[in-house]
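Undergrad: Can you keep this structure in mind? I'll have questions shortly.
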Amino acid sequence: GGAQYLRVGTASLALTESRQRAGQHADVGVVAGHAAAQTASFARRGAYEAAQMESRAAQRFLRRVNAPVDKVAAWSERLAGVDQVSRTQAHAALNTLRTQGATLMERCDEAAHEICKAQEDVKESRFW
25 GGAQYLRVGT ASLALTESRQ RAGQHADVGV VAGHAAAQTA SFARRGAYEA AQMESRAAQR
85 FLRRVNAPVD KVAAWSERLA GVDQVSRTQA HAALNTLRTQ GATLMERCDE AAHEICKAQE
145 DVKESRFW
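The number in our numbering is simply the position in the sequence shown, starting from 1, with 24 added.
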């Protein structure tokens, strides 16, 4: 027969309720990548307001923890396309709901294009 292996790992992590202290030890690359992926995921599903909130919250966090200004600027610029499309689509969806009583939003090609670009950047770690 074959051999079976069991690997056991343990870790102990200190916790804090201090935003400042937690921010000092945050891996900004992981935070930025996760936020970009979440933003794109929300937008892909048509949750444009959630996409906007996710990207803006991450921008505030990155600025608060003093992430490199040039990196935050590049990251923000990249997500600006998704943010702009999110605003446009959220406004269009609201108008559609008001005028036609529609309950399902269709994702437009422009939104799909911006989402794909943002996801490619995240996958290739172009921010950090």
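Ideal Cβ placement from N, Cα and C applies to all residues, glycine included.
Bear in mind that the values here come from a model prediction, so they are computed numbers and not experimental data.
Under 8 Å by Cβ, that's how I've got residue 106 and residue 75 pegged, so tell me the actual separation to the nearest angstrom.
TA: The Cβ separation is near 6 Å, so the contact holds.
Undergrad: May I ask you to report which of helix, strand or coil DSSP gives residue 102?
TA: Helix.
Undergrad: By the DSSP assignment, the alpha helix (DSSP H) with residue 63 in it spans what residues?
TA: 52-68 is the extent of the alpha helix (DSSP H) around residue 63.
Undergrad: Is it right to say residue 82 is buried, meaning 16 or more other beta carbons lie within 10 angstroms of its own, or is it exposed?
TA: With 16 or more Cβ atoms within 10 Å of its Cβ, residue 82 is classed as buried.
Undergrad: Looking at residue 104 and residue 78, is the spacing between their C-beta atoms short of 8 Å?
TA: No, the Cβ-Cβ distance between residue 78 and residue 104 is not below 8 Å.
Undergrad: How should residue 154 be labelled, buried or exposed, when 16 other C-beta atoms within 10 angstroms of its C-beta is the threshold for buried?
TA: What the structure shows of the chain is the stretch from 25 to 152, and residue 154 is not part of that stretch, so it cannot be assessed.
Undergrad: Name the residue from 89, 42, 123, 27 whose alpha carbon lies nearest to the alpha carbon of residue 56.
TA: Of 89, 42, 123, 27, the residue nearest in Cα terms is 89.
Undergrad: Can you find the residues in the same chain that come closer than 8 Å, C-beta to C-beta, to residue 48, ignoring five residues on each side of it along the sequence?
TA: Same-chain partners within the cutoff: 89.
Undergrad: For residue 67 versus residue 36, is the C-beta spacing smaller than 8 Å?
TA: No. Outside cutoff.
Undergrad: Pick out whichever of 72, 91, 115 has its Cα sitting closest to the Cα of residue 44.
TA: Cα-wise, what sits closest to residue 44 is 91.
Undergrad: Note down the Cα distance separating residue 50 from residue 112, rounded to an integer number of angstroms.
TA: Between residue 50 and residue 112, the C-alpha separation is close to 33 Å.
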